[in-house]
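In what follows, a structure is listed as structure tokens, so that the remarks can point back to it.
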Amino acid sequence: MRMHQYLVKWGININKGGNFIYNTMRQVIQYIYATIRIKCRTEVTNARVGKFDVQKSSVLWLGAHAFHTVMSLKADRYAAIVLKRLAFDLSLARHRRSVKMLRGVVKDGLAGLKGIQF
Numbered sequence: 142m143r144m145h146q147y148l149v150k151w152g153i154n155i156n157k158g159g160n161f162i163y164n165t166m167r168q169v170i171q172y173i174y175a176t177i178r179i180k181c182r183t184e185v186t187n188a189r190v191g192k193f194d195v196q197k198s199s200v201l202w203l204g205a206h207a208f209h210t211v212m213s214l215k216a217d218r219y220a221a222i223v224l225k226r227l228a229f230d231l232s233l234a235r236h237r238r239s240v241k242m243l244r245g246v247v248k249d250g251l252a253g254l255k256g257i258q259f
């Protein structure tokens with residue numbers, strides 16, 4: 142919801158700036174993936190708990206799903222471009238493996254989201 146608050150504060154017209162918002166979300170997800178990779182590759186992390194293998198497709202799908210879920214709470218504002226493009230990304234066949242693998246994570250996350258008021 143922080144992104145929603147930023148958009149409201151900046152006064153961005155969501156209907157005209159839908160592509161900008163969507164591309165910004167994609168860049169945020171890419172940045173998160175890069176940050177996770179860097180943290181997983183540090184010597185301290187490897188010495189403590191071993192090596193991690195983070196799949197980019199899983200992070201991209203999970204990030205898109207998170208944005209779609211949160212922005213769907215304000216569907217009247219984001220339905221035009223942003224939610225449609227995120228829904229399309231989530232429906233791509235290349236994400237089927239991520240959907241199956243992360244089903245439990247998503248279920249737990251959605252259960253925690255229900256208690257939060259937006």
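Using the working numbering, read the sequence shown as starting at 142 and increasing by one per residue.
All residues carry an ideal CB built from backbone N, CA and C; glycine is no exception.
Here the structure is a predicted model, which is why all the values come from computation and not from measurement.
Annotation for Q168: the continuous alpha helix (DSSP H) segment containing it runs G159 to C181. In the DSSP assignment, D230 falls within the alpha helix (DSSP H) that extends over V223 to S232. Rounded to whole angstroms, N156 and R218 show a C-alpha spacing of 8 Å.
Counting C-beta pairs closer than 8 Å gives three or more between the region 192-204 and the region 233-240, which meets the contact rule. Under the three-state reduction of DSSP output, Q146 falls in the helix class. Per DSSP, V195 lies in no alpha helix (DSSP H) segment and is marked neither H nor E. Here R226 is near Y163, since their CB atoms are less than 7 Å apart. In summary, L224 is buried, with 16 or more beta-carbon neighbours lying within 10 Å of its beta-carbon over all protein chains present. K241: member of the alpha helix (DSSP H) spanning R237 to M242, first to last residue. The three-state secondary structure of K248, taken from DSSP, is helix. G204 carries a helical assignment under DSSP once its states are collapsed to helix, strand and coil. At the C-beta level, Y174 and K197 come within 7 Å of one another.
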